[in-house]
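Chemist: Sharing a structure, written as structure tokens. Questions coming.
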Amino acid sequence: MRDSGFTLIETLVTISVVAVALMALLALMSGVFNLNQRADTQGQAVLLAQREFDRLKRITPSLLPTTGTQQENVTFAGRAFTLRRTYCPSSAYCTANQRGVQVDVLSGAAVLFSAQTVYTELRAK
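My numbering applies: residue 1297 is where the sequence shown begins, and numbers increase by one.
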């Protein structure tokens, strides 16, 4: 006569299958969390670079350096970044009234965002 219900072996197998499924789900959630954190950090790097470009455009271009690199450590939105400005990365954009500027935002040694622009002094005639 067979009793109805689960045997010990069936219960252990079921618990093992559920445990493996939960571990896979936790690993997936951890990966999604890390991806979200990276995307958020990248977005903050873009905003920091935009803020730096906005700051530089308030300076008369002829007052900006014609060569060189400046680097500073910055805390932005609670995160530590390194902000690197390279002046006149291309000599074609360095004249008396214009300057080319490249801004790199780094986290450690990794470049999160890099962009270049040219500032020009305009005069109305």
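Backbone N, C-alpha and C define an ideal beta-carbon position, used for all residues, glycine too. For clarity, every value in this text was computed on a predicted model and none was experimentally measured.
Rounded to a whole number of angstroms, what is the C-alpha to C-alpha distance between residue 1342 and residue 1401?
Modeler: Reading the sequence shown from its first residue, position 46 is the one you call residue 1342. Reading the sequence shown from its first residue, position 105 is the one you call residue 1401. Distance between the alpha carbons of residue 1342 and residue 1401: 8 Å.
Chemist: Please check the pair residue 1412 and residue 1398, which I expect to be a contact at CB under 8 Å, by giving their CB distance rounded to whole angstroms.
Modeler: What you label residue 1412 is simply residue 116 of the sequence shown in a count that begins at 1. What you label residue 1398 is simply residue 102 of the sequence shown in a count that begins at 1. Correct: roughly 4 Å between the Cβ atoms.
Chemist: How close, in whole Å, do the beta carbons of residue 1365 and residue 1380 come, if the pair is a contact with beta carbons under 8 Å?
Modeler: On the sequence shown, position 69 is the one that residue 1365 refers to. On the sequence shown, position 84 is the one that residue 1380 refers to. The pair is a contact, with the Cβ atoms about 6 Å apart (cut-off 8 Å).
Chemist: Would a C-beta distance cut-off of 8 Å place residue 1408 and residue 1338 closer than the cut-off?
Modeler: For the purposes of this step, residue 1408 is taken as the residue at position 112 of the sequence shown. For the purposes of this step, residue 1338 is taken as the residue at position 42 of the sequence shown. It is a contact, given that the beta carbons lie within the stated cut-off.
Chemist: Tell whether a beta-carbon distance below 8 Å holds between residue 1333 and residue 1373.
Modeler: As a position in the sequence shown, residue 1333 is number 37, starting the count at 1. As a position in the sequence shown, residue 1373 is number 77, starting the count at 1. Not a contact, by the Cβ cut-off of 8 Å.
Chemist: For residue 1368, which residues from the same chain have a beta carbon less than 6 Å from its beta carbon, with the 5 sequence-adjacent residues on both sides left out?
Modeler: What you label residue 1368 is simply residue 72 of the sequence shown in a count that begins at 1. 1379.
Chemist: Helix, strand or coil for residue 1376? Go by DSSP, reduced to three states.
Modeler: On the sequence shown, residue 1376 is found 80 positions in, with the first residue counted as 1. Looking at residue 1376 - three-state DSSP - the assignment turns out to be strand.
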